[in-house]
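The sequence shown begins at 13 in my numbering and counts up by one.
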Amino acid sequence: MAKQLQTLGEFIIENQQAFPYSSGELSRLINSIRLAAKVVNHEVNKAGLVDITGPAGATNVQGEDQQKLDVYAHEKFIQTLTNREIVCGIASEENDDFITIKGSHGDHQNKYVVLMDPLDGSSNIDVNVSVGTIFSVYRRVTPLGTPVQLEDFLQPGHQQVAAGYIVYGTSTMLVYTTGCGVNGFTLNPALGSWYLSHPNMRYPEDGRIYSVNEGNYIHFPQGIKDYIKYCQEEEEDRPYTSRYIGSLVSDFHRNMIKGGIYMYPPSSKAPNGKLRLLYECNPMAFIAEQAGGKASDGKRRVMDIEPTELHQRVPFYCGSKNMVDKVEEFLARY
Ligand code: P6P
């Protein structure tokens with residue numbers, strides 16, 4: 013008789029006592045994320061059938077065409093988070109400014125802020141390649157009872173209380189941490205339940221996969237060019253392979269399971285790289301570190317960077333610790 017997998021609900025209840033200061037709010041927040049994820053998953057999985065895959069006509073702060081599914085996912089997560097009386101504010105890739113949530117009594121008593129990329133990798137939507145949702149959670153730092161402020165969102169990554177992602181792939185998985193390790197839950201769409209399929213996920217210290225858009229090679233810093241050539245040299249201890257899906261969540265997830273490094277270096281075209289510190293790099297860095305991996309901007313620990321803007325970009329090197337160390341070594345030569 014196969015062992016009955018624990019559901020996400022059972023896991024949350026079992027681990028509730030892990031956060032003495034949280035009166036179940038963090039659990040309610042994760043519960044609202046899992047509800048929205050199911051709803052978005054349903055739409056993502058039928059994207060080809062209904063007219064919600066094409067551009068929505070608007071563009072987001074990135075200047076990217078907002079795919080209708082981007083907008084749909086953004087709205088669903090905002091709606092479920094707002095209804096659960098937990099967050100006082102939300103920042104999203106899809107909105108230039110943060111969203112203030114007063115709470116049902118209009119008194120701004122909710123303690124948490126959420127920053128998210130509702131549908132990362134959206135350029136892959138209409139070619140049927142995996143996409144993902146990324147979220148990052150902080151406790152507010154401004155006084156309860158007052159409207160949320162920008163400084164509640166501009167906190168360094170090491171202040172996160174939770175972070176996670178949903179990968180809408182061959183199966184749909186929710187992977188998250190609250191600072192006590194990383195656990196992965198797989199959705200059974202027939203039942204609408206999430207099951208603990210990947211308990212205590214660990215980033216292998218070494219790996220053989222490097223993920224980077226080599227189309228930008230000539231624009232990379234010399235240290236990155238050298239590292240890529242190092243990976244490609246025919247040495248017995250370096251049978252590396254290049255894997256790049258173009259969806260951060262999917263590349264990260266595969267590398268965390270198999271061992272590898274994801275790189276989005278700066279380039280002459282994008283001097284700070286492309287990825288956003290607050291709702292792409294910090295949450296993925298929290299997860300990577302909690303799984304024994306590492307996340308750097310090439311010089312510093314990503315989670316130590318003091319944010320200055322909501323949508324600021326940073327170079328991003330994340331994955332197996334020894335591989336990130338090696339990249340930093342190559343970059344330090346120049
Ligand atoms: P490029 C998707 O837009 C994204 O933010 C990440 O998910 C992905 O890894 C990266 O950008 C892809 O960017 O420039 O290689 O197409």
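Think of the CB as a built atom: it goes at the ideal place given N, C-alpha and C, for glycine as much as any other residue.
Remember, it's a predicted structure, so these values are computed and weren't measured experimentally.
Item	Value
Backbone secondary structure at T71 - three-state DSSP	strand
Expected contact under 8 angstroms - CB spacing of Y291 and D129 to nearest Å	5 angstroms
Inter-residue Cα distance where the pair is R325 and L287	5 angstroms
Helix, strand or coil at I24 according to DSSP, with G and I counted as helix	helix
Three-way DSSP call (helix, strand, coil) for Y242 in this model	helix
Same chain, Cβ closer than 6 angstroms to K281, neighbours up to 5 away in sequence not counted	H231
Beta strand (DSSP E) segment containing F147, residue limits	143-151
G169 - DSSP class collapsed to helix/strand/coil	helix
Backbone secondary structure at T347 - three-state DSSP	For residue 347 there is no data in the structure shown, the boundaries of the chain being 13 and 346.
Buried/exposed call for Q167, threshold 16 Cβ in 10 Å	buried
Residue closest to L41, alpha-carbon to alpha-carbon, out of E26, K80, A70, T94	T94
L12 versus Q172, V139, N225, D119, residue with shortest Cα-Cα distance	It is not possible to answer for residue 12, since the shown part of the chain is limited to 13 through 346.
Counterpart residues of C100 in DSSP-defined beta bridges	Looking at the DSSP assignment, C100 forms no beta bridge with any residue, so it has no partner.
Any alpha helix (DSSP H) of 4 or more consecutive residues that is wholly inside the stretch 293-323	294-302
Member of N140, V179, Q121, V187 whose CA lies at the smallest distance from the CA of P3	The displayed coordinates of the chain run from 13 to 346. Any statement about residue 3 would go beyond what the structure contains.
The ligand P6P heavy atom lying under 7 angstroms from the CB of G157	no
T198 beta carbon less than 8 angstroms from that of M185	yes
Residues surrounding the ligand P6P [beta-carbon distance to nearest heavy atom under 5 angstroms]	D132, G133, N225, G258, S259, L260
Best match in P327, D263, V314 for proximity to N136 [C-alpha to C-alpha]	D263
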